[in-house]
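Here is the structure we will look at.
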Amino acid sequence: MFPVQFASAIIAIFTAIVGYYVTTVVEEIRSGTAIIYDARRVNDTVNGSTEVVAVLDVKNVSRSATVKNLYIGIKCLENKPACFQGAGPAAIKQEVLFAPIAGKVTYKMVTPVVAEIRVSLVPGAKVSMRYFANPNNTSDMIFIYYPDSVAGDVSQSEPTLVQAIKTALNPPASPSRTPVFLEQGGITALLVEYYFVVMAWAMSAAILLLGATTVFWAIHSLGAGRKKPTETEDVQKISVDLVLRTSDPSL
Numbered sequence: 301m302f303p304v305q306f307a308s309a310i311i312a313i314f315t316a317i318v319g320y321y322v323t324t325v326v327e328e329i330r331s332g333t334a335i336i337y338d339a340r341r342v343n344d345t346v347n348g349s350t351e352v353v354a355v356l357d358v359k360n361v362s363r364s365a366t367v368k369n370l371y372i373g374i375k376c377l378e379n380k381p382a383c384f385q386g387a388g389p390a391a392i393k394q395e396v397l398f399a400p401i402a403g404k405v406t407y408k409m410v411t412p413v414v415a416e417i418r419v420s421l422v423p424g425a426k427v428s429m430r431y432f433a434n435p436n437n438t439s440d441m442i443f444i445y446y447p448d449s450v451a452g453d454v455s456q457s458e459p460t461l462v463q464a465i466k467t468a469l470n471p472p473a474s475p476s477r478t479p480v481f482l483e484q485g486g487i488t489a490l491l492v493e494y495y496f497v498v499m500a501w502a503m504s505a506a507i508l509l510l511g512a513t514t515v516f517w518a519i520h521s522l523g524a525g526r527k528k529p530t531e532t533e534d535v536q537k538i539s540v541d542l543v544l545r546t547s548d549p550s551l
């Protein structure tokens with residue numbers, strides 16, 4: 301028989317290990333720069349006609365990191381035929397800034413092949429860009445990230461003595477941390493964006509599971525304690541009774 305306390309202990313240990321692992325990974329992601337993105341194609345109905353629209357959603361789910369001039373974009377997996385209808389501002393259908401925490405789009409560029417933006421996002425800010433897509437191109441929409449590069453001094457003049465001393469004394473600048481990009485709808489994105497909600501539901505489920513397991517093993521233990529004598533025990537009692545009867549001289 302498996303003791304009730306062992307079952308409860310195993311479930312508690314398993315829940316603690318999983319919870320610790322999830323918490324560690326999620327907090328590591330949220331402590332840096334975490335961006336959730338979604339690149340997709342949808343059908344919009346306007347005045348009875350259907351338009352194919354390419355959508356790019358980005359949201360900063362970092363705990364405290366602000367993203368400045370994040371250079372991203374979307375394009376079709378196949379470039380032929382053209383991915384977008386037209387180029388420039390005419391190809392942009394809508395730019396949505398979500399209140400109360402709104403992002404800022406600092407640069408927009410659209411060609412028949414790719415749509416690019418630069419966006420600044422404080423923690424919790426979200427931006428959605430919608431473009432007129434080519435209905436003849438049915439390939440998947442893919443997300444693009446362009447790593448930022450720090451522009452140096454392009455002057456051809458020789459550095460002066462003062463400039464050389466300043467360069468030698470100043471500590472080297474630490475490179476910017478690359479954002480962690482998470483696709484919308486994935487389990488990791490769900491945990492990072494709704495961490496406290498998911499953990500609350502997980503703890504509730506663990507408590508219910510622990511209670512159900514305890515009740516099950518308690519009922520099982522009570523049923524096992526009331527079991528009837530086995531056939532072996534009955535045979536032994538009959539054998540002893542026969543021996544006593546044959547030893548009586550009056551029989």
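Residues are numbered in the working numbering as their position in the sequence shown, beginning at 1, plus a constant of 300.
Cβ atoms here follow ideal geometry from the backbone N, Cα and C, with glycine treated the same way.
Beta-carbon spacing of residue i, residue j below 8 angstroms
i: A433; j: R363; result: no
i: M409; j: A354; result: no
i: T333; j: V480; result: yes
i: V352; j: P435; result: yes
i: V515; j: I329; result: no
i: V326; j: Y495; result: yes
i: V405; j: V419; result: yes
i: F443; j: A365; result: no
Residue i versus residue j - alpha carbon distance
i: I372; j: A387; result: 17 angstroms
i: T380; j: N437; result: According to the sequence shown, residue 380 is Lys rather than Thr. Between K380 and N437, the C-alpha separation is close to 7 angstroms.
i: F314; j: L510; result: 11 angstroms
i: K375; j: I336; result: 17 angstroms
i: I317; j: D344; result: 46 angstroms
i: N360; j: A425; result: 6 angstroms
i: A506; j: T350; result: 47 angstroms
i: L254; j: L522; result: Within the shown structure, residues of the chain are numbered from 301 to 551, placing residue 254 beyond reach of any answer.
i: K368; j: T478; result: 12 angstroms
i: A500; j: P447; result: 36 angstroms
i: A518; j: G486; result: 39 angstroms
i: S504; j: L370; result: 38 angstroms
i: L482; j: P400; result: 23 angstroms
i: H520; j: A502; result: 27 angstroms
i: M301; j: T323; result: Residue placement at M301 cannot be trusted, given a pLDDT of 47 that sits under 50; what the coordinates show is reported in the next sentence. Whole-angstrom Cα-Cα distance: 35 angstroms.
i: Q385; j: S331; result: 39 angstroms
i: Q484; j: G348; result: 30 angstroms
Cβ of residue i within 8 angstroms of any chain C Cβ
i: A505; result: Within the model displayed, chain C is absent; a lone protein chain is all it includes.
For residue i, the nearest candidate out of the options (CA to CA)
i: R430; options: A390, S521 and I444; result: A390
i: F398; options: T406, A500 and D357; result: D357
i: A312; options: L508, G485 and S420; result: L508
i: V414; options: I519, Y445 and G485; result: Y445
i: I310; options: T513, Q394 and L490; result: T513
i: Y321; options: T488, K368, L370 and T478; result: T488
i: G319; options: E483, V498, P400 and Q385; result: V498
Supposed close pair residue i, residue j - CB separation, criterion 8 angstroms
i: C383; j: P412; result: 7 angstroms
i: K421; j: G403; result: Before going further, note that residue 421 is Leu rather than Lys in the sequence given. Going by Cβ atoms, the distance from L421 to G403 rounds to 4 angstroms, so yes, they are a contact pair.
i: I417; j: Y407; result: 6 angstroms
Distance cut-off 7 angstroms: residue i Cβ against heavy atoms of the ligand HEM
i: S504; result: The ligand HEM is absent from the structure shown, which contains no ligands of any kind.
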